[in-house]
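*Asks:*
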Amino acid sequence: MSKNDKLKKLQEKYSDDDISEYETDTDEEYDEDDRVSQEFNDKVLEFLQVDDSIRDLSKEVSALKKKRKPLEAWILNYLSTIGEKVIDIHGIGARLRRNKSETKKQLKQDQIKEAIMEQVNDPIKVEKILKSMEDKREKQIHVNIKRTSKKNDD
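The working numbering numbers the first residue of the sequence shown as 1368 and each following residue consecutively.
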């Protein structure tokens, strides 16, 4: 299906009325001339098309990962049984390697508190240190578009 066909399909799926019902957080007045609203509609349609594609591909990837998981478990078990860490796959020039990695979990506040308490032995100082750490944590703010569906009020 070509890009134009997909765009037409989206235009049929999402009417101009659906697209025109948007709110803006700015105080600027927008003219209702065709250039602005048509450009906006085109961008919204393209956004929806890309978003739909991402959703479809995500479903496909999820299904493939679900299919791959038992195969991976079987192969890992087999490699462990035969005592091999690497096997060459002849014909396609690839290898499968049994890999093991170890990571540490994120520190929890109770663990930090306990470690500081072992060294300081003063609950008031420990609380002050933890409060100071919390206050110094950087915050990240992300602004994006969240797509939601209207609920039918029947």
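Just so it is clear, CB atoms sit at the ideal spot from N, CA and C, and this is done for glycine as well. Being a predicted model, the structure only gives us computed values, none of them experimental.
Measuring only the C-alpha atoms, how far is K1426 from K1471?
*Replies:* Their Cα atoms are separated by approximately 30 Å.
*Asks:* For the alpha helix (DSSP H) that L1497 lies in, which residues bound it at each end?
*Replies:* P1490 to K1503 is the span of the alpha helix (DSSP H), which, as asked, contains L1497.
*Asks:* Is the separation between the beta-carbon of R1525 and that of L1446 shorter than 7 Å?
*Replies:* Nothing can be reported for residue 1525: it is not among the residues displayed for the chain, which extend from 1368 to 1521.
*Asks:* By the 10 Å Cβ neighbour count, where 16 or more other Cβ atoms means buried, how is L1424 classified, buried or exposed?
*Replies:* With fewer than 16 Cβ atoms within 10 Å of its Cβ, L1424 is classed as exposed.
*Asks:* Please report the distance separating the alpha-carbon of I1512 from that of K1452.
*Replies:* Their Cα atoms are separated by approximately 45 Å.
*Asks:* Do I1496 and I1483 count as a contact pair if the criterion is CB distance below 7 Å?
*Replies:* Yes, the pair counts as a contact, with Cβ atoms nearer than the cut-off.
*Asks:* Taking the continuous alpha helix (DSSP H) assigned at I1512, which residues delimit it?
*Replies:* Segment: none, I1512 is in no alpha helix (DSSP H) and carries neither H nor E.
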